[in-house]
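In case it helps, this note's numbering puts the sequence shown at residues 1 to 188.
By construction, the Cβ of each residue, glycine as well, lies at the ideal position given by its N, Cα and C atoms.
Since the structure is predicted, the reported quantities are computational estimates derived from the model, not experimental observations.
Okay, structure first, notes after.
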Amino acid sequence: MAKRGTARAARQQLADVPQQLAALATMPVPELAAKYLELYGEPTRSRNRDYLKKRLAFRIQELAEGSLSSRAVARISELGDKLPERWRMRQVEETKPSVPPPPPASVDGRDGAADGRDARLPPPGTVLTRVFKGVQHRVTVREGGIEYEGQLHRSLSFVAKLITGTAWNGYSFFGLKDGGSKQKAVTR
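Shown next as structure tokens:
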């Protein structure tokens, strides 16, 4: 008897999907944001109406018809950094694959240096410079991190944030991506 009730509820929910999707078209942004909180369990940072409608439509269908297959989640894990961390973690937690996904490869295809450092970093001892708002900033690549103003930091991005006060990709900030010319590298 309980099985019949759950099957009936599932059919009712599927039949209700078109109505829910149609209702999204007329909702103002505050209502869309409230619906987002209801369906995702966290507030949205976006106030873009079209974006919210698309995300909510996806979530309504996902809840009614099921999530991605474990094969699709494994493929998403392979794609690595190209997807938002929050989204990847939610998908992995929901499906709980029996085999852990392989570690994501770095941007240029190299897995990392033999000593565990990020292979995109220049060799230890390299000094990177960047002029920001008229001030020259120098960082030195070390075995255990990035040295800036006499202190060791965990990443170039962390140092870039210290310098600018906003989040930056450290490789872009110091000109290590796309053959940038904003920095000078000197190996000692």
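Query	Result
List the endpoints of the continuous alpha helix (DSSP H) containing residue 174.	Here residue 174 belongs to no alpha helix (DSSP H), and DSSP marks it neither H nor E.
Taking all protein chains shown into account, do 16 or more other C-beta atoms lie within 10 angstroms of the C-beta of residue 170, making it buried, or fewer, making it exposed?	buried
When you compare each of 43, 127 and 57 to residue 156 by their alpha carbons, which one comes out closest?	127
Below 8 Å on the Cβ atoms is my guess for residue 56 versus residue 32; work out the distance and round it to an integer in Å.	6 Å
Exposed or buried, residue 51, counting other C-beta atoms within 10 Å across all chains shown (16 or more means buried)?	exposed
So for residue 21, helix, strand or coil by DSSP?	helix
Please list the segments of the alpha helix (DSSP H) lying wholly inside the stretch 135-162, counting only runs of 4 or more residues, in order along the chain.	none
Quick one: is residue 37 buried, meaning 16 or more other Cβ sit within 10 Å of its Cβ, or exposed?	exposed
Rounding to the nearest angstrom, what Cα-Cα distance links residue 154 and residue 160 in this structure?	11 Å
Bridge partners for residue 131 per DSSP, in chain order?	136
Quick one: using the 10 Å Cβ neighbour count with 16 as the cut-off for buried, is residue 58 buried or exposed?	exposed
Are at least three pairs of beta-carbons, each pair with one atom in the stretch 20-27 and one in the stretch 37-46, less than 8 Å apart?	no
In whole angstroms, what is the alpha-carbon distance linking residue 35 and residue 148?	45 Å
With a CB to CB cut of under 7 Å and the five nearest residues on each side skipped, what residues in its chain are close to residue 163?	132 and 137
Comparing alpha-carbon positions, which option in 60, 70, 168 and 145 lies nearest residue 16?	60
Alpha helix (DSSP H) containing residue 39: first to last residue?	29-40
Out of curiosity, what's the CA-to-CA distance linking residue 53 and residue 20?	11 Å
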